[in-house]
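Take a look at the structure below.
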Amino acid sequence: MDLFKDLCDHLAQADFQAAQSEFLQKHADKFEDTDENKLEYTDIHQQYVYILDEVLEANLKSKYSDDQITAFNEHFQANFKDYEKVNDVVVETLFGFLDFAQFKKQ
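Its first residue numbered 856, the sequence shown is counted upward by one per residue in the working numbering.
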């Protein structure tokens, strides 16, 4: 749970919030409210995932081993409902990185 707490803390930081908000606002007009998923959407999602890879993982890797991060990822995916009880906003943000449909809703 310490790793999840660190994620919560990092996602709550003003610089991360600003970068995320700026990214979502920059690309919001490219999405249409339809079920169709254009190739452009995938490219934008991949750019968004880059935030996770570069910012969050760099932060986590400074404190946790690769094995600890992998174990957390597996536990998180299998038990995300438990994590939602702790901080549903962070869980939604993380699924925005992992799941295209969730990202598109943001």
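For glycine and all other residues, C-beta sits at the position ideal for the given N, C-alpha and C.
I'd like the list of long-range same chain contacts for ASP888, defined as Cβ closer than 6 Å, with 5 residues on each side in sequence excluded. For ASP888, where only same-chain residues beyond five positions count, there are no Cβ hits under 6 Å.
Assuming PHE878 is part of the alpha helix (DSSP H), what are its boundary residues? 869-882 is the extent of the alpha helix (DSSP H) around PHE878.
Closer than 8 Å is the cut-off here; do at least three beta carbon pairs connect the segment 899-909 with the segment 943-953? With the cut-off at 8 Å, the segment 899-909 and the segment 943-953 touch.
Take PHE878 as the anchor and find which of VAL904, MET856, PHE931 and HIS865 has the nearest alpha-carbon. Comparing Cα positions, the closest option is VAL904.
Measuring CB atoms only, is the segment 907-914 touching the segment 856-866, in the sense that at least three cross pairs come out at less than 8 Å? Contact between the segment 907-914 and the segment 856-866 is present, because at least three Cβ pairs lie under 8 Å.
Looking at the secondary structure, which residues open and close the alpha helix (DSSP H) in which GLU891 lies? If you look at GLU891, you'll find it isn't in any alpha helix (DSSP H); DSSP assigns it neither H nor E.
For THR948, count neighbouring C-beta atoms within 10 Å of its own C-beta (all shown protein chains included) and say buried if the count is 16 or more, exposed if not. Taking every protein chain shown into account, the CB of THR948 has 16 or more other CB atoms within 10 angstroms, so this residue is buried.
When you compare the CB positions of LEU915 and ILE924, do they come within less than 8 Å of one another, or not? With contacts defined as CB atoms closer than 8 Å, LEU915 and ILE924 qualify as a contacting pair.
Check whether the Cβ atoms of PHE935 and VAL945 lie closer than 8 Å to each other. Taking 8 Å as the Cβ cut-off, PHE935 and VAL945 do not qualify as a contacting pair.
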